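Written out below as C-alpha cells is the structure these notes cover.
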Amino acid sequence: MIYSYCKRCRMESAGDVCVGCGKRATAALQRDKWSILTLPLADSRAWRTSILALFGAAALVVGAVFGLEALFGGPARVSMLWQSAVIRVTLAVAAMGLAVVFLFLLLQGKETNVFTLDSQGAHQHTWHGPEKWKSWARLQSADPAKDIPQQDGTVMHLSQERHMLWQDVVSVQLRPSSSTILLYHTPHCAPMALRLPAGEFELAADYVGKYCKGKVQK
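Counted the way my numbering counts, the sequence shown spans residues 1102 to 1319.
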C-alpha cells in the first residue's frame, strides 16, 4: 500500500495525499509498504536448501571414501565397501540432520516480514516474538535492545534487516504465480525476495519497474 509523508503536517498518511492539509506528496516522499506473516517451518526454500546441503554433503563423503578406496585399495576394497554400512550410516546422519532442522524451524515460530519500497531502494525488516529461544533457534543472540514496543502495546524482536539500493540492483525477476519479486545484486545469486500478499503484486511491480528500468527480466 502506498504511504506518503507530509513535511508541513509532519505526519504519514495512507495514499499519496496528506489527510491533514490535502496536499499531494512528491514521489520522493511516497513509499510502498506491506507486511506478510510467514512460518519458517512451512518455508519450502529453507527445506530445499537444507536437503540439498545435507544430502549433498553425504554424497561428497561417500564419493570421497569410495574414491580413496578405489585409488589405494583397488576393486576388491570397493566391493567390500558396498557390503559395509558406510552408505547407510551416512544417509542416517543426513536424516538426523533433517530432524535437527525440523526442531530449529519449529522453535522459530511465526515471523512478520515488513517490506518497504522508497525512492532509495528496498528494505526488509523481520520481526518475531520476544522469547529468547526464538532468537537462539535462528542462531542469533537474544539482544534485549532489539525488543521494540509496538503501537498495540505488544513487544516484538527485530530479528534482522536488509536493505538494497536501486543502483545496486542488476536484475529483477517477477514471479506473479508465487506473488514474489526477486532483486539481484549479483547475477543469479542470493536475491532479495519481496514476498507480497494477494492484491499487492502489481503495485509493487510497477514501483520496482519505475526505479529499475531495463533490469526487469521478461
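Every residue, glycine too, gets a C-beta built ideally from N, C-alpha and C. As the structure is a prediction and not an experimental result, all values here were calculated from the model.
**Message:** Once the 5 residues before and after R1178 are set aside, which same chain residues still bring their CB inside 7 Å of it?
**Reply:** E1170
**Asked** Which same chain residues, not among the five before or five after A1147, have their C-beta less than 7 Å away from its C-beta?
**Response** P1141, L1206
**Request:** Just confirm the distance between the C-beta atoms of T1217 and K1124, as a whole number of angstroms; I'd bet it's less than 8 Å.
**Result:** Contact doesn't hold; Cβ gap of about 22 Å is too wide.
**Message:** At the level of alpha carbons, what is the spacing between W1267 and M1293?
**Reply:** Distance between the alpha carbons of W1267 and M1293 is about 12 Å.
**Message:** Buried or exposed, going by whether 16 or more other CB atoms sit within 10 Å of the CB of V1271?
**Reply:** When all chains shown are included, V1271 counts as exposed.
**Asked** If you count every other CB in all the chains shown that lies within 10 Å of the CB of S1114, and 16 or more means buried, which is it?
**Response** Its Cβ being crowded by 16 or more others within 10 Å, S1114 is buried.
**Request:** Would you tell me roughly how many angstroms separate the C-alpha atoms of A1158 and S1151, rounded to the nearest one?
**Result:** Rounded to whole angstroms, the separation of the alpha carbons of S1151 and A1158 is 11 Å.
**Message:** To the nearest angstrom, how far is the alpha carbon of D1307 from that of L1172?
**Reply:** A straight line joining the alpha-carbon of D1307 with that of L1172 spans about 58 Å.
**Message:** Spatial neighbours of T1191 within its chain, please: C-beta separation below 8 Å, excluding the five flanking residues on both sides.
**Reply:** A1159, V1162, V1163
**Request:** Tell me whether the beta-carbon of T1213 lies closer than 8 Å to the beta-carbon of W1228.
**Result:** yes
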